[in-house]
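Have a look at the structure below, then the notes.
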Amino acid sequence: MSTRRIVVFDRVSADGYFAAPDGGLDWAVPDADLDKGAVSAMPGCDTLLFGRRTYENFEGFWPKALEELPSASDPHAEGRRSPELQAMAVWLTEVKKLVFSRTRKSATWKNTRFIPEFTPSMVEALKREPGKDILIFGSGSIVSLLTEHGLVDEYQFIVGPLLLGSGRPLIGGVSKRTRLELLQAKPFSSGNVMLRYACAK
25 MSTRRIVVFD RVSADGYFAA PDGGLDWAVP DADLDKGAVS AMPGCDTLLF GRRTYENFEG
85 FWPKALEELP SASDPHAEGR RSPELQAMAV WLTEVKKLVF SRTRKSATWK NTRFIPEFTP
145 SMVEALKREP GKDILIFGSG SIVSLLTEHG LVDEYQFIVG PLLLGSGRPL IGGVSKRTRL
205 ELLQAKPFSS GNVMLRYACA K
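Structure representation (structure tokens):
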């Protein structure tokens, strides 16, 4: 029986940070072509994984963006709106969201369930359930744990054309090297580059 894939999707600076020191994302370079690609990929995923901090950033933004329809604003660029962002707001609200948190017990954002503790066996069981790909945004601590236990199937990095100088690295504390196989490298006119890697078998 085939298992579901876990796909990490993150914007990172050219020097390897996924958030500024204060957690800010205002450094990300907006890209309409990237947005269109993200919307076209949404039907292939039916579950999102989050750490608490990233989830609360999403929870604080996207439900409000949904209320702004028929247009929705961009979390990375104030005032920027597009049909693709509208589609993202709808999809993020409707998709199943699983959040690892020891402190949160309830949510106002629909289709959210909190999981009190990360365990590899729980994630392995999730991958064996029927369904589509499982996507994870941000959530550096959870991505690091998934990487440590060999549970990530694909990494998708949007490398932005800037150096932050300091910030939060996406992956840390992993005890061993993980060899990756390049699936795609796609540059965009904005200067962003999408890199897709599979974990080498």
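Numbering follows my numbering, in which position 30 of the sequence shown is assigned residue number 54; successive positions increment by one, without gaps. All C-beta atoms in this analysis are idealised placements derived from N, C-alpha and C, irrespective of residue type, glycine included. For clarity, every value in this text was computed on a predicted model and none was experimentally measured.
{"Check": "With 16 other Cβ atoms within 10 Å as the buried cut-off, status of T78", "Outcome": "buried"}
{"Check": "Segment contact, 8 Å Cβ cut-off, at least three pairs: the stretch 194-207 with the stretch 65-82", "Outcome": "no"}
{"Check": "Cutoff 8 Å; reference L58; Cβ partners in own chain excluding five residues on either side", "Outcome": "I182, F212, S214, N216 and M218"}
{"Check": "Continuous beta strand (DSSP E) stretch holding F33: start and end", "Outcome": "I30 to S37"}
{"Check": "I160 in three-state terms, based on DSSP", "Outcome": "strand"}
{"Check": "Given F138 as reference, the closest of F42, K121, P144 and Q180 once Cα atoms are compared", "Outcome": "K121"}
{"Check": "Cut-off 7 Å between Cβ atoms - residues of its own chain near V63, not counting five sequence neighbours on either side", "Outcome": "E108, A111 and M112"}
{"Check": "Opening and closing residue of the alpha helix (DSSP H) in which P87 lies", "Outcome": "R76 to E91"}
{"Check": "Proximity of L186 and W86 at Cβ, strictly below 8 Å", "Outcome": "no"}
{"Check": "Of the residues D34, L116 and L150, the one placed nearest F142, counting alpha carbons only", "Outcome": "L150"}
{"Check": "Residues that DSSP places opposite A209 in a beta bridge", "Outcome": "L219"}
{"Check": "Neighbourhood of L72 by C-beta, 8 Å cutoff - its chain only, sequence neighbours within 5 removed", "Outcome": "L116, V119, K120, K121, L122, I158, L159, I160 and F161"}
{"Check": "Contacts around P45, its chain only, beta-carbon distance under 6 Å, and the 5 residues preceding and following it disregarded", "Outcome": "S190 and G191"}
{"Check": "Beta-bridge partners of F142, as assigned by DSSP", "Outcome": "F142 pairs with nothing; no bridge assigned."}
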